[in-house]
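Structure first, commentary second.
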Amino acid sequence: MSGSEAFDVVVVGSGAAGAMSALRAAELGLSVLIVEKAHKFGGTSAASGGVIWVPNHQLVPSDDSREKAFEYLDDLLTGDINRSRLEAYVDRGPEMVRFMKDVGIDIIPSAWPDYYTDKKGARADRSLICSTFDGRELGDWFPLMREQYSRFKVLNRYSMDVMEFFAMSTRGPGWINTFLNMVQRYWLDGGTRAISKRDRRFTQGAALMGQVYKRVFDRGVALRLETKLEELIVEGGKVAGVTVSNFGRRYDIKANHGVILAAGGFEWNQELRDRFFQVPGLTRHSSSPEDANRGEGLIAGMKVGAATEHTEAGWWIPTMHTPMPNASNFEEIHQAAFDVGRPHSVAVNRLGLRFVDEATGYDAFGKAMVEDQLKTGANTPCWLVFDATFRKKFTAGGVMPTLIMPDSKIPVDWWDHYIFRADTLDALAAKIHVPAEQLKKTVANMNTYAQTGVDPEFGRGSNPYDQMFGDANVKPNPCLGPIDNAPYYAVAINCGDLGTKGGLKCDEHARVVDEAGQPIPNLYAAGNQSGAPFGNWYPGAGATIGPAMVFGFIAAGDIAARTGNQTKSKTGAALAGA
Ligand SMILES: Cc1cc2nc3c(=O)[nH]c(=O)nc-3n(C[C@H](O)[C@H](O)[C@H](O)COP(=O)(O)OP(=O)(O)OC[C@H]3O[C@@H](n4cnc5c(N)ncnc54)[C@H](O)[C@@H]3O)c2cc1C
């Protein structure tokens, strides 16, 4: 590697984990390069909801505490959990949040109930978001940040924040004005329209990544797009750099003090899915950006002796597919997490049986699909069955409510492939090959539950999380409405994902360890590149980006501490890990 260019730290991957690693390392005085394989930066994180779960975040006065955080986590988490890593996450999370505030990132609380409201210590104030950000502040980088998932924009154009998302998706009070304001703001912005179709108002994941990258670029961090990690370079028993490729040109980059692998999960690698997952599913069921995260950092780490953990599952989310407009042979993935729990619908496996509280958190829904598939072999995919009342009010993946997309506007080639319709449940059951008697029995049960307001099988709509996605006009239970208004419809539900939960095994300092538990010198990992501190659990909204950023922060602090010449960050916060 002699003659190669050198940086103190090389970060692989430009998502939330990579961005926070880079920001913290630069703040601590280290020279940093981020290499990003894609043609756009920001990863899944920029396309996400941008919610960050940090228990006891201390951003505003609250009676949450370390003890209460562990009360919840201890009641929830099962399986092989590394206690020191979990403690590092809970203990260092508030420090990372303070650091974000200190560098000027506008981070604010967002009222999401923890995903398991029945567990001890569950609360509704542990999720954080960033306020909207003017993307033009990124200068020439503005059009190069990865765009948001189409469902997170109105008509795939106008960006919306979380409150606007709720107002629009439930057509809550004032939603028409909200929409008109968006349209007006966008079209009055002639300067931006001359550059790009993109809305300069960055919201959700784009707001988070915009705010972080503004500070990353201000601190002189270099970012190279279309630059893919090929392998790690080991010299003298230490990771000394990376070999990357750019349009086929391979070259080496030296990392004086550390390489932080933050190249996401392996959800787009079918071979790794088949090898690791209990129920592999298909790469195209994933809702992370197509073909970006193929586990290349994981493979590179394993080649230099790294151990792995928690690779058996994804961060699950039900997805539905529709043909992509104006593109042959492509399907568009639609997350259906909030559709499947709406009233006037039921999710059934291919035997016509329910298997879950449909309004539960999306990861729990996916886990239930996996468990039911292992038990019955008749799930993945399963079906969302609904009636004309649901159809009128709610989305089913890419199928918009009739107000926007009446049946007459559904493309003719979608019928009986992506969406099925029949005048009776018998006829619908025949079309989707589900036993009619069982389907009718399941629907009859749901209609009884809609009357009583109680779902004795799975408790649908019985807790604050479920109710958030119900319909307040439906009584007595906002998640249970009769399924009795013909015609009836069905759309297939795939066990999709937001990324993968497992990866390189790391310790509490975010150092990658080998099979003997020993750190591999100079090698760190964060985000979906590493095993989640929660194992196969998703405790609350933001529980993937939260650890991604906290362990990126920890990794950078550990590297800076090892260099021995850093004692204070420029913001005056005590040096992490020192
Ligand atoms: C629509 C959607 C909404 C979501 N909302 C939320 C939310 O609100 N809160 C939450 O916690 N989670 C959310 N998630 C999940 C979350 O976005 C991801 O788990 C998280 O962003 C992963 O962060 P990361 O930094 O590990 O990886 P990523 O953000 O995926 O970044 C990894 C980067 O590494 C790059 N890369 C891959 N291989 C290489 C290579 N060989 N060389 C160089 N670069 C490489 C990729 O191109 C990518 O840019 C959402 C996911 C989706 C799809």
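Residue numbers (the numbering used here): 462 to 1039.
For each residue, glycine too, the CB sits at the ideal point set by N, CA and C.
Values in this document were obtained by computation on a predicted structure and should not be read as measured data.
Check, Outcome
"Cut-off 6 Å between Cβ atoms - residues of its own chain near residue 1033, not counting five sequence neighbours on either side", "Note that residue 1033 scores 42 on pLDDT, short of 50, meaning its location in the model is unreliable and no value can be drawn from it."
"Whole-Å CB distance - residue 786 paired with residue 801, under 8 Å assumed", "Actually they do not touch by this definition, with Cβ atoms about 24 Å apart."
"Own chain residues within Cβ distance below 6 Å of residue 614, not counting five before or after", "620"
"Reference residue 520, options 591, 606 and 955, closest by Cα", "591"
"At least three beta-carbon pairs within less than 8 Å, the region 993 to 1004 to the region 529 to 543", "yes"
"Contact test: residue 755 Cβ vs ligand 1 heavy atom, cutoff 7 Å", "yes"
"Segment limits, alpha helix (DSSP H) that includes residue 526", "Here residue 526 belongs to no alpha helix (DSSP H), and DSSP marks it neither H nor E."
"Touching by the beta-carbon criterion (3+ pairs, under 8 Å), the region 482 to 489 and the region 952 to 968", "no"
"Closest Cα partner of residue 616 within the set 605, 644, 597 and 603", "644"
"Check: residue 732 C-beta below 7 Å from any heavy atom of ligand 1", "no"
"Three-state secondary structure (DSSP) of residue 478", "helix"
"Of the residues 552, 922 and 894, the one placed nearest residue 803, counting alpha carbons only", "922"
"Rounded distance between the beta-carbons of residue 672 and residue 623, thought under 8 Å", "With 8 Å as the limit, residue 623 and residue 672 do not qualify as a contact, their Cβ atoms being about 15 Å apart."
"Which of helix, strand or coil DSSP assigns to residue 746", "helix"
"Reference residue 486, options 476, 501, 500 and 468, closest by Cα", "468"
"Residues near residue 885 in its chain [Cβ-Cβ closer than 8 Å; skip 5 each side]", "947 and 949"
"Where residue 790 falls, given that 16 or more other Cβ within 10 Å makes a residue buried", "exposed"
"Paired residues, beta bridge with residue 844 - DSSP", "809 and 953"
"Buried/exposed call for residue 477, threshold 16 Cβ in 10 Å", "buried"
"Buried versus exposed, by CB contacts within 10 Å (16 or more), residue 909", "exposed"
"Check: residue 477 C-beta below 7 Å from any heavy atom of ligand 1", "yes"
"Residue 811 versus residue 840: straight-line alpha-carbon distance, rounded", "6 Å"
"Any beta strand (DSSP E) of 3 or more consecutive residues that is wholly inside the region 586 to 628", "588 to 591"
"Buried or exposed by the 16-neighbour rule on C-beta atoms within 10 Å, applied to residue 428", "In the structure as shown, the chain starts at 462 and stops at 1039, and residue 428 therefore has no counterpart that could be examined."
"Three-state secondary structure assigned by DSSP to residue 794", "strand"
"Three-state class that DSSP yields for residue 538 in the structure shown", "coil"
"Between the CA atoms of residue 596 and residue 696 - distance to the nearest angstrom", "41 Å"
"Residues near residue 1031 by beta carbon distance below 6 Å, same chain, minus five either side", "Legend: pLDDT at residue 1031 = 49, less than 50; position of this residue unreliable, no value from coordinates given."
"Cβ-Cβ distance between residue 625 and residue 960 below 8 Å", "no"
"The alpha helix (DSSP H) enclosing residue 906, as first and last residue numbers", "897 to 913"
"Contiguous beta strand (DSSP E) assignments of at least 3 residues, all confined to the region 646 to 716", "683 to 685, 689 to 696 and 699 to 707"
"Straight-line Cα distance separating residue 576 from residue 646", "35 Å"
"C-alpha distance - residue 708 paired with residue 689, whole-angstrom precision", "9 Å"
"CB-CB length for residue 1015 against residue 971, believed under 8 Å", "5 Å"
"Range of the contiguous alpha helix (DSSP H) that encloses residue 984", "Segment 980 to 986 is the beta strand (DSSP E) holding residue 984; no alpha helix (DSSP H) there."
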